[in-house]
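Participant: Mapping of the sequence shown onto our numbering: residues 800 to 1227, in sequence order.
The beta-carbon is built from N, C-alpha and C at its ideal position, and this holds for glycine as well.
Quick one: the structure is below, questions incoming.
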Amino acid sequence: MNVDVLLGLQWGDEGKGKIVDVLTRKYDIIARFQGGPNAGHTLEFDGIKHVLHTIPSGIFHNGTKNVIGNGVVIDPVIFSKEIDKLKDFNLNLQESLLISRKAHLILPTHRILDAASEAAKGKDKIGSTLKGIGPTYMDKTGRNGLRVGDVELADFRERYNTLKAKHEQLLSHYDYDYAQDLLQMEEDWFNAIDQLKTMNLIDSEHYLNSALRAGKKILAEGAQGSLLDIDFGSYPFVTSSTTTCAGSCTGLGIAPNRINKVFGIFKAYCTRVGSGPFPTELFDSIGEELRANGHEYGATTGRPRRCGWLDIPALKYAVEINGVTNLIMMKSDVLSGFDIIKICTHYNYQGEIIDHLPYSSEDGLIEPVYTEMPGWKEDLTSLESYEQMPETFKSYIKFVEDQIGVPISILSVGPNRTQTIILEEVVN
Ligand code: GDP
Ligand code: IMO
Ligand code: MG
């Protein structure tokens, strides 16, 4: 059997958690392939709203296995809190949640380094989630990191102390006061490590490949979005992992020729949290209306999200890099009520009209060129089929499909599991 991949095409928070939850019943295994607790994936069903950070979004379905892959970075403390929050749901996590021994651990000093680095950057800060993501991936590629499998080794404490000492040396270069916090952070961390040790730790690449041989279906769940990718995002305002489709191969140990469908998920407009270029960002009352209607506040940090119109050149770029086979459009309901809806189809880049993302996209260099479309007044949140949709909304869908050249297979018209319209059966 093959692996399908679901990933974000914008700057994250597209609604990945909701759709993975909706699609889970079609799969045997849901596997997160990168990122860490910088992610916040929201699921809503049966009057419950739940935010997951490290745990894959298939966790609420009995019988589905959820794998945290080797490409993920885990903060044991946040992970332990996530587990606690699941206690009321009567899930057998020992059975359904499997953790790669090769996933890297976020240490307390990684979080401190993240904060110190951001503070030192001042107005040029990345706007990181301060979860220690950058420093942890730096230690991974720098070959210094601690991995989940290390917790089973007799000299784990020594390894921890060696890495902590390296971090303290680095921290001495910053004017950053952390000593007071560190003791408590370490105590919490080691308590959480004890809990992690009791969980189902596996060699996930073997597990996943055996599952494929046995005919199991796997959905790889991405975190963040393609425009935050370490290589293809708006560097340096990116995260530190490969958020694009290739990341599912390295983050799970799955060969590229195993990948079948690639579901690219995007909002019917754009949002971004943190710093960095955002060509279609709105600074006016329309931007505020999008934020208010879409409840655009970060699921992990609570920060207000920057909002703007849909950006087709950026979307096309993400579709190309990922080989997207099916599009999933989210939050269409948030656009109800606008007289005019704008879509950016090109950029004016220093006087030249282009339809691709240029190397430099800093503020001021790119001016979006918009097509205007009539909006719709109807509330979309109780729509159940394509036939019920307002004609103006159908035109919006068609326009986007024509521009991108890939079909929209699923539409989301509200946060709930049930507010999902399958236009085309995507999984057999
Ligand atoms: P993720 O990180 O990609 O999983 O997305 P987030 O959970 O961070 O952000 C998406 C937000 O939009 C969450 O609050 C969801 O509950 C909500 N949401 C998802 N789909 C829809 C939709 O179609 N309409 C509306 N109004 N909200 C949605
Ligand atoms: P999900 O999976 C939106 C952003 C941060 C910051 C940049 C780097 O919920 O879509 P980091 O902490 O990774 O070093 O921050 O990336 N960012 C996200 N934005 N959704 C996310 O995850 C994000 N994860 C990181 O705001 O701009
Ligand atoms: Mg999110």
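Looking only at DSSP bridge pairs, what is residue 849 linked to?
Facilitator: The residue given as residue 849 occupies position 50 in the sequence shown. Per DSSP, the beta bridge partners of residue 849 are 842.
Participant: Between which two residues does the beta strand (DSSP E) containing residue 1044 stretch?
Facilitator: As a working note, residue 1044 is residue 245 in the sequence shown. Taken as a continuous stretch (DSSP letters only), residue 1044 belongs to no beta strand (DSSP E), as it is neither H nor E.
Participant: Grab me the residues of residue 935's own chain with a C-beta within less than 6 Å of its C-beta, minus the 5 sequence neighbours each way, in chain order.
Facilitator: Working through the sequence shown from its first residue, we reach residue 935 at position 136. Closer than 6 Å at Cβ, skipping near neighbours: 872, 903, 905 and 909.
Participant: Contact between the stretch 1164-1182 and the stretch 1145-1154: three or more CB pairs below 8 Å?
Facilitator: yes
Participant: Short of 7 Å in beta carbon distance, which residues of its chain neighbour residue 925, apart from the five on each side in sequence? Order them along the chain.
Facilitator: For the purposes of this step, residue 925 is identified with residue 126 of the sequence shown, where counting begins at 1. Same-chain partners within the cutoff: 917, 1035, 1036, 1073 and 1074.
Participant: Please name the residue in 1223, 835, 1009 and 823 whose C-alpha comes closest to that of residue 1018.
Facilitator: Within the sequence shown, residue 1018 is the residue found at index 219, counting from 1. Closest option to residue 1018, Cα to Cα, is 823.
Participant: Please tell me whether, using a cut-off of 6 Å, the distance from the CB of residue 812 to the nearest non-hydrogen atom of the ligand MG is below it.
Facilitator: Residue mapping note: residue 812 aligns to position 13 of the sequence shown, counting from 1. The answer is yes for residue 812.
Participant: Span of the beta strand (DSSP E) holding residue 1140?
Facilitator: Sequence index remark: in the sequence shown, residue 1140 carries index 341 (1-based). Counting along the chain, the beta strand (DSSP E) containing residue 1140 begins and ends at 1139-1148.
Participant: Tell me whether the stretch 1125-1143 and the stretch 1084-1095 touch, counting them as touching only if at least three CB pairs, one residue from each stretch, are closer than 8 Å.
Facilitator: yes
Participant: Specify the secondary structure class of residue 1135 as computed by DSSP and reduced to three states.
Facilitator: Start at 1 with the first residue of the sequence shown, and residue 1135 comes out as number 336. Coil, per DSSP.
Participant: Taking 6 Å as the cut-off, is the C-beta of residue 1098 nearer than that to any heavy atom in the ligand MG?
Facilitator: Taking the first residue of the sequence shown as 1, we reach residue 1098 at position 299. Between the ligand MG and the CB of residue 1098, the shortest heavy atom gap is smaller than 6 Å.
Participant: Which residue comes first and which comes last in the beta strand (DSSP E) that contains residue 1255?
Facilitator: Past the boundaries of the shown model lies residue 1255; the chain is included only from 800 to 1227, so the question cannot be answered.
Participant: Determine the extent of the beta strand (DSSP E) in which residue 866 is found, giving its start and end residues.
Facilitator: Start at 1 with the first residue of the sequence shown, and residue 866 comes out as number 67. Per DSSP, residue 866 belongs to the beta strand (DSSP E) from 864-867.
Participant: Of all Cβ atoms in chain D, is any one closer than 7 Å to the Cβ of residue 1115?
Facilitator: Structure shown: chain D not included; a single protein chain is present.
Participant: Spell out the partners DSSP gives residue 891 in its beta bridges.
Facilitator: Indexing the sequence shown from 1 puts residue 891 at position 92. According to DSSP, which records beta bridges pairwise, residue 891 is partnered with nothing at all.
Participant: Looking at the structure shown, is residue 925 part of a helix, part of a strand, or coil, going by DSSP?
Facilitator: Walking along the sequence shown from the start, residue 925 turns up at place 126. In this structure, residue 925 counts as coil in the three-state DSSP scheme.
Participant: Under 7 Å Cβ to Cβ from residue 1107, same chain only, skipping five residues before and after it: list those, please.
Facilitator: Start at 1 with the first residue of the sequence shown, and residue 1107 comes out as number 308. Contacts found: 1068, 1069, 1077, 1079, 1080, 1081 and 1086.
Participant: For residue 1172, which residues does DSSP report across the bridge?
Facilitator: Translated into the one-based positions of the sequence shown, residue 1172 becomes position 373. DSSP output for residue 1172 lists 1140 as bridge partner(s).
Participant: Kindly indicate which residue of 1205, 1210, 1110 and 1132 has the alpha-carbon position closest to the one of residue 1171.
Facilitator: The count along the sequence shown starts at 1 and reaches residue 1171 at position 372. For the options 1205, 1210, 1110 and 1132, the alpha carbon positioned closest to that of residue 1171 is the one of 1110.
Participant: Compute the distance between the beta-carbons of residue 1001 and residue 950, then report whether it is under 7 Å.
Facilitator: To locate residue 1001, count along the sequence shown from 1; it is residue 202. To locate residue 950, count along the sequence shown from 1; it is residue 151. In terms of Cβ geometry, residue 1001 and residue 950 do not form a close pair [threshold 7 Å].
Participant: Would you tell me roughly how many angstroms separate the C-alpha atoms of residue 1097 and residue 1197, rounded to the nearest one?
Facilitator: Counted from its first residue, the sequence shown places residue 1097 at position 298. Counted from its first residue, the sequence shown places residue 1197 at position 398. Using only the alpha carbons, I get a separation of about 30 Å.
Participant: Just reading off the beta strand (DSSP E) that residue 1125 is part of, what are its end residues?
Facilitator: Position 326 of the sequence shown, counted from the start, is the residue given in the question as residue 1125. Note, residue 1125: beta strand (DSSP E), 1125-1129.
Participant: Relative to the ligand GDP, is the shortest distance from any of its heavy atoms to the C-beta of residue 1132 smaller than 6 Å?
Facilitator: The residue you call residue 1132 lines up with position 333 of the sequence shown. Correct: residue 1132 has its Cβ closer than 6 Å to the ligand GDP.
Participant: Cutting at 6 Å between CB atoms, please list the residues of its own chain near residue 1221, excluding the five before and the five after it.
Facilitator: Position 422 of the sequence shown holds residue 1221. The beta carbon of residue 1221 sits closer than 6 Å to those of 1209, all from its chain and outside the five residues before and after it, given in chain order.
Participant: So what does DSSP say about residue 1214, is it helix, strand or coil?
Facilitator: Sequence index remark: in the sequence shown, residue 1214 carries index 415 (1-based). Coil.
Participant: Could you pull out every residue in the same chain whose Cβ sits closer than 6 Å to the Cβ of residue 1126, ignoring the five residues on either side in sequence?
Facilitator: Stepping through the sequence shown from its first residue, residue 1126 is reached at position 327. Closer than 6 Å at the Cβ level, and outside the excluded window around residue 1126, lie 1063, 1205 and 1207.
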